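These notes concern the structure reproduced below.
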Amino acid sequence: MSKDLRNPLARARGLGSAKEGVSHWMLQRITALALVFLTVWFVATILRLTHADYATARATLAQPWNAVLLIALIVTMFRHAVLGMQVVIEDYVHTRWLEVASLVLIKFIAVLAALAGVLAVLRIALGS
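Structural data, given as structure tokens:
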């Protein structure tokens, strides 16, 4: 007796698990957890700089650990956003070409925005 519970048509078409659900779910949870700590650090840093002048704020963000953590925040934030939007698009967009176009577009926009953020942090950190 076969342990495959799919109906014969689904078995013939190869329909079934894409084997990506668990890793996607886990990555979403890991980025969310990282964002909790990075956001707490970011808010604390900004609150310390509330009454600081421009030079002090720039010098603080130019410190190596602050620059690294800010880059980590930017990259993690955009990765988490793409993962979330991917789930929404896959669940609610039922036209295949629109689904694919939307997924490509959000990934393209996220990469461009993340690169712009990283470039801005590097310019501050490297003093240019």
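Just so we're aligned: the sequence shown equals residues 9 to 136 in this note's numbering. Where is the CB? At the ideal position from N, CA and C, for every residue including glycine. Note that the structure is predicted; figures quoted are calculated from it, not measured.
- A distance below 8 Å separates the beta carbons of T39 and L91.
- By the Cβ test, the segment 76-84 is in contact with the segment 120-129, since at least three Cβ pairs between them sit closer than 8 Å.
- In its chain, beyond the 5 residues on either side, F86, R87, A89, V90 have a beta carbon closer than 8 Å to the beta carbon of A118.
- The segment 45-57 and the segment 91-111 do not touch, with fewer than three beta-carbon pairs separated by less than 8 Å.
- The beta-carbon separation of A70 and A133, rounded to 5 Å, stays under the 8 Å limit for a contact.
- Distance from the CA atom of T47 to the CA atom of R66, rounded to whole angstroms, is 19 Å.
- For V76, the number of other beta carbons within 10 angstroms of its own is below 16, and it is reported as exposed.
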